[in-house]
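This report refers to the structure that appears directly beneath it.
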Amino acid sequence: MSDNQNLLAEQRRALILDEVRRRGGVRVNELTRRLNVSDMTVRRDLDALARLGVVEKVHGGAVPVAEATAHEPGFEAKSALELAAKEDIARAAVPMAPPGSAIALAGGTTVFALAQRLVDVPDLTVVTNSVRAADVFHSSQRPVTAAGPSARPGAATVVLTGGVRTPSDTLVGPVADAAIRSLHFDVLFIGVHGISAEAGLSTPNLAEAETNRHFVRSARRVVVLADHTKWGTVGLSSFATLEEVDALVTDAGLPEAARREIAERLPELVVADASGPASGAG
């Protein structure tokens, strides 16, 4: 971590979380030196991370929380993590949704970040089981003018699948599965709880895993959006192997060893970098 007094709180907390996970724990006095901020600022950051359930405060510092494979954080908790990485990934993924295509957006906060950028892509047909993503497109189709609500030309057509709502604000279950089985997508954009060479793509939610399986089967091209913290994480239920994935879009925090392993298994690896254009491999 480099010293920087002007880091935004979200960026600073992401750096702290990375350090906690990498080292297995940190002390407050170490963080104050590395980040060049006050003890009070560091303690506030640790309090915020502890409220999200991603670190545990101990005397003089913090340690990572060992997540159970069945633990499923809520949408708001996940939204506060790796914000810069999610924006980089979303920016890099936009060209993979060409105008006029039929795309599917599964749940997750990184896919939600992409949805906010796709509203300007003309003539998309979007199928999503994400309540949050559906709201983004719904709002973009009906801007309020002096004459009242009107549809923006070329706005996306959104079909929201039915089902039971999860903590991640996605709709899953037999109703959603039946709707997805009857459709065919050019591209599926899907987020994950975890991705690994052995377990593939996984989630803590059994019903969401089944719905995601139908998404994967219905898509001609599967694009996974996952920041570097997802690599090596394994949830309770796997729903796809790496061989079923066409492209992974991740951020620059992914270690070189992981990049090499992924590039050997996937047709396309895109590493998004805020300082310049995304780099690809495969």
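If you read the sequence shown in this note's numbering, its first letter stands for residue 4, the second for the next number, and so on. Beta carbons: idealized from backbone N, C-alpha and C, even for Gly.
- Take Gly-165, set aside five residues on each side of it, and the residues of its chain with a beta-carbon closer than 7 Å to its own are Leu-174, Val-178, Ala-179 and Ala-182, in chain order.
- Closest in C-alpha terms to Val-31, from the list Val-227, His-62, Lys-89 and Val-130, comes His-62.
- For Gly-176, same chain residues with a beta-carbon under 6 Å away, outside a window of 5 residues either side, are Gly-166, Val-167 and Ala-210 in chain order.
- CA-CA distance, Ala-12 to Arg-37, rounds to 15 Å.
- Spatial neighbours of Leu-86 in its own chain (CB-CB distance under 8 Å, excluding positions within 5 residues in sequence) are listed in chain order as Glu-13, Gln-14 and Ala-17.
- Each of Phe-242, Ser-241, Pro-258 and Arg-262 was checked against the Cα of Leu-251, and the nearest Cα belongs to Arg-262.
- Where Ser-221 is concerned, the enclosing alpha helix (DSSP H) starts and stops at 209-221.
- Between Leu-108 and the set Glu-259, Leu-228, Leu-269 and Ser-241, the nearest pair of CA atoms involves Leu-228.
- Straight-line measurement puts the Cα of Ala-100 at about 8 Å from the Cα of Leu-121.
- In this structure, Ala-136 sits near Val-114, with a CB-CB distance shorter than 8 Å.
- Burial check for Pro-125: the Cβ neighbour count within 10 Å stays below 16, so the residue is exposed.
- Apart from sequence neighbours up to five positions away, the residues of its chain that approach Ala-202 with a beta-carbon distance below 6 Å are Val-237 and Ser-241, ordered along the chain.
- Selection Lys-89, Thr-128 and Ser-142 evaluated against Leu-117 yields Lys-89 as nearest (Cα-Cα).
- Cβ-Cβ distances below 6 Å link Val-248 to Val-225, Val-227 and Leu-269 in the same chain, with the five nearest sequence neighbours on each side left out; the list follows chain order.
- If you draw a straight line from the Cα of Val-68 to the Cα of Glu-59, it comes to about 6 Å.
- In the three-state scheme derived from DSSP, where H, G and I count as helix and E and B as strand, Arg-224 is classed as coil.
- Separation of Glu-271 and Asp-42 (C-alpha to C-alpha, rounded to the nearest whole angstrom) is 43 Å.
- Distance between Ala-96 and Thr-35, taken at the CA atoms: about 36 Å.
- Residue burial annotation: His-196 is buried, with at least 16 other C-beta atoms found within 10 angstroms of its C-beta.
- Going by DSSP, Phe-192 is part of the beta strand (DSSP E) stretching over 190-194.
- Pro-177: not part of any beta strand (DSSP E); member of the alpha helix (DSSP H) spanning 177-184, first to last residue.
- Straight through space, the alpha carbons of Pro-258 and Pro-102 are spaced by roughly 33 Å.
- The three-state secondary structure of Val-58, taken from DSSP, is strand.
- With fewer than 16 neighbouring CB atoms inside 10 Å of its own CB, Gly-56 falls in the exposed class.
- Minimum Cα-Cα distance from Ala-275 among the listed residues Leu-191, His-231, Gly-28 and Ala-53 corresponds to His-231.
- For Gly-64, the beta-bridge partners assigned by DSSP are Arg-30 and Val-61.
- Looking at the backbone, the Cα of Thr-206 and that of Val-130 are separated by about 20 Å.
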